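Each residue of the sequence shown is one higher than the one before, counting from 4 in our numbering.
All C-beta atoms, glycine included, are put in the ideal place defined by N, C-alpha and C.
Since this is a predicted model, take the numbers as computed values, not measurements.
Inspection log for the structure reproduced underneath, given as structure tokens.
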Amino acid sequence: MQSKHEWRTNMKLKINEIRAEEKALLDQQILNRLYTYEPYNTAETIGLTVAMKGEINTKEIIEKAWEDGKRVAVPKCDPKTKQMTFHYLTEWDQLESVYFGLEEPRPDQTALCPPEEINLLLVPGLIFDRHGFRIGFGGGYYDRYLKKYSNATVSLAYEFQLVEKVPTESFDLPVQAIITNEQIVNII
Ligand SMILES: Nc1ncnc2c1ncn2[C@@H]1O[C@H](COP(=O)(O)OP(=O)(O)OP(=O)(O)O)[C@@H](O)[C@H]1O
Ligand SMILES: [Mg+2]
4 MQSKHEWRTN MKLKINEIRA EEKALLDQQI LNRLYTYEPY NTAETIGLTV
54 AMKGEINTKE IIEKAWEDGK RVAVPKCDPK TKQMTFHYLT EWDQLESVYF
104 GLEEPRPDQT ALCPPEEINL LLVPGLIFDR HGFRIGFGGG YYDRYLKKYS
154 NATVSLAYEF QLVEKVPTES FDLPVQAIIT NEQIVNII
């Protein structure tokens, strides 16, 4: 079996191959399906990362969540401890560019959102299997966060990011559902 590192490299290449028009269409299909997803509709607060270029467009989700009267919390990573904290984002100006073009909440302008206040957490990842196991971007940030988070989780992915089985390690924690451009996979 390939190593997690090889999986990541290959999947990033595959994602980069999607043409812009195709990506816009797939993203829209995924978002439309998210908006029919019951845990999304009932969530008062959602937690999610601010998408970077090439990732599924979460900025649109944030705008829609604000319109729907939901609260939005976005993560701030601490590279030293590899822990992250979520902060309530109420306007775009509260974001700042940190490293590698990553956008994070300005801690002095945004209130802290403890894990129990998030009703639905959107967990990012590169590859997923039908057991909800995931290969993320390699920081271990979400695996650490999921240890102290006990509410609903879901991941958004292109259908081809769903595979038969991903290699897992003892600290990997699964998500409860995966929404793709073709289906909602509920992990039982
Ligand atoms: N709960 C944990 N406690 C301590 N270290 C952890 C924990 N989870 C993961 N790690 C460390 O983080 C590193 C990266 O983990 P992994 O390869 O699973 O990343 P990932 O799942 O792709 O990242 P992410 O969770 O940010 O999406 C691992 O080498 C591991 O040592
Ligand atoms: Mg992991």
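>> I want to check one thing, is the minimum distance from the CB of G143 to the heavy atoms of ligand 3 below 7 Å?
In response: The model depicted lacks ligand 3 and carries ligand 1 and ligand 2 instead.
> What first and last residue would you give for the alpha helix (DSSP H) that runs through R36?
Replying inline: Translated into positions along the sequence shown, residue 36 becomes position 33. Note, R36: alpha helix (DSSP H), 23-37.
>> Could you check if K17 belongs to the surroundings of ligand 1, using beta carbon to heavy atom distance under 7 Å?
In response: Translated into positions along the sequence shown, residue 17 becomes position 14. Outside the cutoff, so no.
> In its own chain, which residues sit with a C-beta less than 7 Å from the C-beta of I138, not counting the 5 before and 5 after it?
Replying inline: Here residue 138 corresponds to residue number 135 of the sequence shown, with the count starting at 1. Excluding sequence neighbours, I138 sits near K7, W10, R11, G128, L129, I130, V169.
> What does D146 pair with, by DSSP beta-bridge criteria?
Replying inline: In the sequence shown, the residue the question calls residue 146 occupies position 143. According to DSSP, which records beta bridges pairwise, D146 is partnered with nothing at all.
>> Checking the sheet assignment: what are the DSSP bridge partners for V166?
In response: Translated into positions along the sequence shown, residue 166 becomes position 163. BP columns for V166 point to D132.
>> Can you look up P192 in the DSSP assignment and give me helix, strand or coil?
In response: Look at the range of the chain in this structure, 4 to 191, and you will see that residue 192 is not part of it.
>> Helix, strand or coil, according to DSSP, for Y43 in the structure here?
In response: For the purposes of this step, residue 43 is identified with residue 40 of the sequence shown, where counting begins at 1. Of the three classes helix, strand and coil, the one that applies to Y43 here is helix, per DSSP.
> Residue range of the beta strand (DSSP E) that M87 falls in?
Replying inline: Here the question's residue 87 lines up with position 84 in the sequence shown. M87 -> beta strand (DSSP E) spans 86-91.
>> Could you tell me the alpha carbon to alpha carbon distance between D175 and D146, rounded to whole angstroms?
In response: On the sequence shown, residue 175 is found 172 positions in, with the first residue counted as 1. On the sequence shown, residue 146 is found 143 positions in, with the first residue counted as 1. Distance between the alpha carbons of D175 and D146 is about 6 Å.
> Assuming V77 and L37 make a contact with CB atoms under 8 Å, what is their CB distance in whole Å?
Replying inline: Along the sequence shown, read from residue 1 onward, the residue named residue 77 stands at position 74. Along the sequence shown, read from residue 1 onward, the residue named residue 37 stands at position 34. Incorrect: roughly 17 Å between the Cβ atoms, too far for contact.
> Excluding sequence positions up to five away, which residues of its chain have a Cβ less than 7 Å from the Cβ of N60?
Replying inline: By one-based count along the sequence shown, residue 60 stands at place 57. Once the five neighbours on either side are set aside, the close Cβ partners of N60 are D30, A54.
> Taking C-alpha atoms, which residue in K150, V157, E20 lies nearest to H134?
Replying inline: In the sequence shown, counting from the first residue as 1, residue 134 sits at position 131. The residue with the shortest Cα to Cα distance from H134 is V157.
>> Let me check you understand the geometry: is the CB of G139 closer than 7 Å to at least one non-hydrogen atom of ligand 2?
In response: Here residue 139 refers to the residue found at position 136 of the sequence shown. Because some heavy atom of ligand 2 lies under 7 Å away, the Cβ of G139 counts as near it: yes.
> Can you tell which of I49, T113, L159, E120 has its C-alpha closest to the C-alpha of I194?
Replying inline: Outside the shown range of the chain (4 to 191) lies residue 194, about which nothing can therefore be said.
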